[in-house]
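Colleague:
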Amino acid sequence: MANRDLKYVLRKVYNHESLVGIDLRNLYLSFVDFSTLELRRADLEGCCLSHALLDGSDLTDANLTNAKLSHASLNRAKLAGAILEGVIADGASFEGATGLTPSTIEYLKSKGATGLD
Numbered sequence: 034m035a036n037r038d039l040k041y042v043l044r045k046v047y048n049h050e051s052l053v054g055i056d057l058r059n060l061y062l063s064f065v066d067f068s069t070l071e072l073r074r075a076d077l078e079g080c081c082l083s084h085a086l087l088d089g090s091d092l093t094d095a096n097l098t099n100a101k102l103s104h105a106s107l108n109r110a111k112l113a114g115a116i117l118e119g120v121i122a123d124g125a126s127f128e129g130a131t132g133l134t135p136s137t138i139e140y141l142k143s144k145g146a147t148g149l150d
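Okay, here's the thing in structure tokens:
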């Protein structure tokens with residue numbers, strides 16, 4: 034999906050519509066509630082998601098490279114195959130998140146993420 038219009042994206046979020054494969058690279062989406070949304074294969078590279086709610090969202094195979102996740106909530110998120118290289122995760126919560134590899138868990142812990150025990 035090539036549509037990067039912020040109004041379009043926020044309308045889909047508000048209506049709780051699927052965002053599978055959407056291109057959200059480098060957008061400022063702090064404090065947005067993405068809880069339980071389908072974000073499989075979404076491109077969130079460089080996105081600012083500080084304080085965003087991603088609880089229970091499906092981020093399978095999503096690209097979160099260099100995303101800012103400071104104080105974001107990803108509790109119970111599905112993260113199998115998600116790319117989390119270079120993320121800023123200070124204060125981010127991953128309690129009950131699934132699909133993370135042991136090396137990714139250690140990396141997120143080193144970046145200040147919580148809920149990964």
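Taken in order, the sequence shown gives residues 34 to 150; the numbers are from the numbering used here.
Using N, Cα and C, we set each Cβ at its ideal position, and we do this for glycine too.
#1: From the DSSP output, in three-state form, read off S126 for me.
#2: Per DSSP, what are the beta-bridge partners of Y41 in this structure?
#3: With DSSP as the reference, label E139 as helix, strand or coil.
#4: Take D66 and list the residues in its own chain whose beta-carbon comes closer than 8 Å to its own, dropping the five residues that flank it on each side.
#5: Let me check one thing: in DSSP terms, what residues is L86 bridge-paired to?
#6: Can you tell which of N96, L149, Y140 has its C-alpha closest to the C-alpha of A115?
#7: Give a yes or no on whether the C-beta atoms belonging to F139 and N108 are separated by under 8 Å.
#8: So is T93 buried or exposed if we call it buried at 16+ other beta carbons inside 10 Å?
Modeller: According to the data block:
#1: By 1-based counting over the sequence shown, the position of residue 126 is 93. Residue state, collapsed to three classes: strand.
#2: The sequence position of residue 41 within the sequence shown is 8, counting from 1. Its beta-bridge partners do not exist; DSSP assigns none.
#3: Counted from its first residue, the sequence shown places residue 139 at position 106. E139: helix per DSSP, three-state reduction.
#4: Here residue 66 refers to the residue found at position 33 of the sequence shown. The answer, listed in chain order, is V46, A85, L86.
#5: Taking the sequence shown and counting its residues from 1, one reaches residue 86 at position 53. Bridge partners of L86: D66, S106.
#6: Within the sequence shown, residue 115 is the residue found at index 82, counting from 1. Of N96, L149, Y140, the residue nearest in Cα terms is N96.
#7: To locate residue 139, count along the sequence shown from 1; it is residue 106. To locate residue 108, count along the sequence shown from 1; it is residue 75. First, the amino acid is wrong: residue 139 is Glu here, not Phe. Contact: no.
#8: Numbered from 1 along the sequence shown, position 60 holds the residue referred to as residue 93. Burial call: buried.
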